[in-house]
């Protein structure tokens, strides 16, 4: 009787393990068929799959993606540099205009002061 119970327990344990393996395979199968979208999607093609070149093809694809991003960033950087340079030029122009205005204002102020100083002396004569 004990031997039969032992055999049944062993059979039950084996069946449980088999069921667990089947369940794991089903879960894996479900995961494999699930679609995942990433930032860098690899385009599908009708080419035969070559496992030796797959890694190289992936990195070429990624390099192409990064190269186009880098080109865009370089163009943006160039535009920003141009804006900065035009801003610096405009700032220099404004500084020059400010200096000219200060000189003119000083000349006007000096002219007004000379008129004031010459007016009392001319009235006292």
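Numbering (the numbering used here), first residue to last: 1 to 125.
Idealized CB from N, CA, C, for every residue including glycine.
Inter-residue Cα distance where the pair is residue i and residue j
i: residue 107; j: residue 82; result: 38 angstroms
i: residue 86; j: residue 75; result: 17 angstroms
i: residue 112; j: residue 100; result: 18 angstroms
i: residue 118; j: residue 94; result: 36 angstroms
i: residue 11; j: residue 3; result: 12 angstroms
i: residue 14; j: residue 54; result: 40 angstroms
i: residue 92; j: residue 102; result: 15 angstroms
Residues near residue i in its chain [Cβ-Cβ closer than 8 angstroms; skip 5 each side]
i: residue 125; result: Summary for residue 125: the model assigns pLDDT 44, below 50, so the residue's position carries little reliability; its value from the coordinates is reported in the next sentence. Once the five neighbours on either side are set aside, residue 125 has no close Cβ partner at all.
Proximity test, Cβ basis, 8 angstroms: residue i and chain C
i: residue 107; result: This model lacks chain C altogether; it includes just one protein chain.
Sequence-distant residues of its chain with Cβ nearer than 7 angstroms to residue i (five each side left out)
i: residue 116; result: none
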